[in-house]
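**Q**
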Amino acid sequence: MQIRTLLAGSALLALLGGCAAGTQQGEAPDAITAEEQAAIYEGTLPCRNCAGIDIEVALEGSEASADAERTFTLDANYREHPQNPPAETYQGQWDVLSGTAADPEATVYELTPQGEGQIYYFLKLDESTLELIDPQRRRFENGEMLRLQRQ
1 MQIRTLLAGS ALLALLGGCA AGTQQGEAPD AITAEEQAAI YEGTLPCRNC AGIDIEVALE
61 GSEASADAER TFTLDANYRE HPQNPPAETY QGQWDVLSGT AADPEATVYE LTPQGEGQIY
121 YFLKLDESTL ELIDPQRRRF ENGEMLRLQR Q
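The numbers in full-length UniProt numbering rise by one with no breaks, and the one at position 128 of the sequence shown is 128.
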């Protein structure tokens with residue numbers, strides 16, 4: 001089972017309001033000391049067939065870094081899934097986009113995996129919170145269920 005299918009399904013379910021409640025994990029971040037330190041975001045996204053999808057996103061580099069220095073790793077683990085799929089890991093480059101459909105001043109992170117995989121879009125709500133949004137950079141109705149907290 002591919003994470004892109006599950007994320008798209010989870011996002012659609014969150015939009016329709018018919019998915020199981022996910023939990024947010026995390027604490028407020030410590031002070032950032034060096035650009036080379038990865039920013040780690042974690043959370044649990046809703047899943048139609050399981051207790052949730054634990055997501056960890058590690059962003060290397062900073063918004064001001066050169067393109068080649070902005071890399072990411074996304075790990076997804078399924079909780080209590082009846083088919084017990086293996087964990088999935090995606091790596092690639094991330095970029096900073098300006099604006100969403102509702103807020104032209106918003107900051108959006110675009111994560112593009114190497115090889116096969118869908119592009120992920122995360123709205124930066126604040127220094128410690130990212131929210132999964134759709135490819136047209138629109139927030140989902142139940143976006144609070146699609147949030148990752150900085151560790």
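Backbone N, C-alpha and C fix where the C-beta goes; we use that ideal spot for every residue, glycine too.
Compare the C-beta of D54 against all C-beta atoms of chain B and say whether one is closer than 8 Å.
**A** Absent from the structure is chain B; it holds one protein chain and no more.
**Q** Should T44 be labelled buried (16 or more other beta-carbon atoms within 10 Å of its own) or exposed?
**A** Here residue 44 refers to the residue found at position 44 when the sequence shown is read from its first residue. With 16 or more other Cβ atoms within 10 Å, it is buried.
**Q** Cα-Cα, which of P104, F122, P85 and Q37 is closest to L111?
**A** Position 111 of the sequence shown holds residue 111. The shortest Cα separation from L111 among P104, F122, P85 and Q37 belongs to F122.
**Q** Give me the Cα-Cα distance between R138 and L130, rounded to the nearest whole angstrom.
**A** Against the sequence shown, residue 138 aligns to sequence position 138. Against the sequence shown, residue 130 aligns to sequence position 130. Answer to the nearest angstrom: the Cα atoms are 13 Å apart.
**Q** Bridge partners of G99, per DSSP?
**A** As a first step, residue 99 must be located in the sequence shown, where it is residue number 99. Paired residue(s): none; G99 is not in a bridge.
**Q** Give me the Cβ distance between L148 and E60, rounded to the nearest whole Å; I'm assuming they're in contact under 8 Å.
**A** Position 148 of the sequence shown holds residue 148. Position 60 of the sequence shown holds residue 60. Not really, about 16 Å apart at Cβ, beyond 8 Å.
**Q** Taking 8 Å as the threshold (C-beta atoms), are Y90 and I53 in contact?
**A** Position 53 of the sequence shown, counted from the start, is the residue given in the question as residue 53. Position 90 of the sequence shown, counted from the start, is the residue given in the question as residue 90. Cβ distance not < 8 Å, so I53 and Y90 don't count as in contact.
**Q** What separation, rounded to the nearest whole angstrom, lies between the Cα atoms of V108 and E69?
**A** Position 108 of the sequence shown, counted from the start, is the residue given in the question as residue 108. Position 69 of the sequence shown, counted from the start, is the residue given in the question as residue 69. If I take the Cα positions, the gap works out to 17 Å.
**Q** Taking only the alpha-carbon atoms, compute the straight-line gap between Q37 and S98 and give it to the nearest angstrom.
**A** As a working mapping, residue 37 is identified with position 37 in the sequence shown. As a working mapping, residue 98 is identified with position 98 in the sequence shown. For Q37 and S98, the distance between alpha carbons rounds to 24 Å.
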